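*Asks:* Here you go, one structure.
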Amino acid sequence: MSIFRRVLVAAATAATAVALTACEPDQVGTAVTVSGDRLSVSDLQGQVMAVVELRNEAIEDYELGIPPLNPGGDLAEIQQSELERWVASHLFESVAADLGIEISEAEVDEFLDQLAAQFPDGDITPFLAEQGFTEDTVRAAVRIQLINDQLVQAAGGEAPAQEAVASAIERLDVDVNPRYGAWTETGLSAESGSVSRPFEAAAPE
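Taken in order, the sequence shown gives residues -22 to -1, 1 to 183; the numbers are from mature numbering (1 follows the signal peptide of the UniProt record, and there is no 0).
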């Protein structure tokens, strides 16, 4: 696996090595909030279904050797990944703002161009399908990785960089709806019986 593929996979859960507090958001229909910025249940549904659609279409178009996903089946793993990525993105953007780290869209494009150069015809769709990304979420993952690279350099190593992320977590108000699980030191853990079928009887917004 190339360096560009490795860092994207790592970026997906880059912020989940430190503990977050889980409590019930005040707003009905909310999946998670970070300092008032809200990801609704319906938005989470949309993100999960976008992953499912891209994967299933890519399997057919590119004859990938991975199983298709049933839109009406157990999508808890994808749901967990989307929640973790959403929170991680907000955490790293907050750290970047605090430290004056700026990542341009051109830098994101350059990273993705280098990734695409390793695939036939520059098409990264199979990679997105295999790793559970969409075109939007892969850009967010690249931003996380580029922020982390600069953070490690500015902080003088991985350990102080992790301390900066931990400080951001303490400062930010992160609330996860209990029906989607709870945050632990290793990320989001499914602790409610409904999490395996996340979209059944979803609360109205």
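The C-beta atom is built at its ideal place from N, Cα and C for all residues, glycine as well. All of these numbers come straight from a predicted model, not from anything done at the bench.
In or out: Arg149 buried (at least 16 other Cβ within 10 Å) or exposed?
*Replies:* The residue given as residue 149 occupies position 171 in the sequence shown. So Arg149 ends up on the exposed side.
*Asks:* Output needed for Ile79: all residues of its chain with C-beta closer than 8 Å, excluding positions within five of it in sequence on either side, in chain order.
*Replies:* Position 101 of the sequence shown holds residue 79. Around Ile79: Val73, Ile125, Gln128, Leu129 and Ala132.
*Asks:* Val6 lies in the alpha helix (DSSP H); which residues open and close that run?
*Replies:* Start at 1 with the first residue of the sequence shown, and residue 6 comes out as number 28. No alpha helix (DSSP H) holds Val6; DSSP gives it neither H nor E.
*Asks:* Would you identify the three-state DSSP class for Thr(-2), choosing helix, strand or coil?
*Replies:* Within the sequence shown, residue -2 is the residue found at index 21, counting from 1. Confidence at Thr(-2) is low in this model, with a pLDDT of 46, below 50, so the placement of that residue is unreliable and no value is reported for it.
*Asks:* What three-state label does DSSP hand Asp91 in the structure shown?
*Replies:* Counted from its first residue, the sequence shown places residue 91 at position 113. In this structure, Asp91 counts as helix in the three-state DSSP scheme.
*Asks:* Return the residue from the list Asp151, Leu93, Ser145 and Ala107 that minimises the CA-CA distance to Glu38.
*Replies:* Reading the sequence shown from its first residue, position 60 is the one you call residue 38. When only C-alpha atoms are compared, the closest one is Ala107.
*Asks:* Answer with buried or exposed for Gln58, where buried requires no fewer than 16 other C-beta atoms within 10 angstroms of its C-beta.
*Replies:* Here residue 58 corresponds to residue number 80 of the sequence shown, with the count starting at 1. Counting Cβ neighbours within 10 Å, Gln58 comes out buried, since at least 16 surround it.
*Asks:* Return yes when the Cβ of Leu17 is within less than 8 Å of the Cβ of Trp64, no when it is not.
*Replies:* For the purposes of this step, residue 64 is taken as residue 86 along the sequence shown, with counting starting at 1. For the purposes of this step, residue 17 is taken as residue 39 along the sequence shown, with counting starting at 1. A contact, by the Cβ cut-off of 8 Å.
*Asks:* Is it buried or exposed for Ile44, if we count other Cβ within 10 angstroms and need 16 for buried?
*Replies:* Translated into positions along the sequence shown, residue 44 becomes position 66. Under this definition Ile44 is an exposed residue.
*Asks:* I need the boundaries of the beta strand (DSSP E) containing Leu17, first residue and last residue.
*Replies:* Reading the sequence shown from its first residue, position 39 is the one you call residue 17. Leu17 -> beta strand (DSSP E) spans Asp15 to Ser18.
*Asks:* Since I believe Val29 is in contact with Thr103 (beta carbons under 8 Å), could you give me their beta-carbon distance rounded to a whole number of angstroms?
*Replies:* As a working note, residue 103 is residue 125 in the sequence shown. As a working note, residue 29 is residue 51 in the sequence shown. Not quite, the Cβ-Cβ distance comes to about 13 Å (not below 8 Å), so this is no contact.
*Asks:* At which residues does the beta strand (DSSP E) containing Asp153 begin and terminate?
*Replies:* Along the sequence shown, one-based indexing puts residue 153 at 175. Taken as a continuous stretch (DSSP letters only), the beta strand (DSSP E) holding Asp153 covers Val152 to Val154.
*Asks:* With a cut-off of 8 Å on the beta carbons, I'd call Asp15 and His68 a contact; round off their distance for me.
*Replies:* Taking the first residue of the sequence shown as 1, we reach residue 15 at position 37. Taking the first residue of the sequence shown as 1, we reach residue 68 at position 90. That pair is a contact at about 6 Å.
*Asks:* Spell out the partners DSSP gives Thr11 in its beta bridges.
*Replies:* For this step, residue 11 is matched to residue 33 along the sequence shown. Thr11 pairs with Arg16 and Asp153.
*Asks:* With a threshold of 8 Å on Cβ separation, who are the neighbours of residue 230 within its own chain once the five nearest residues in sequence on each side are excluded?
*Replies:* The question about residue 230 has no answer here: the residues shown for the chain are numbered -22 through 183.
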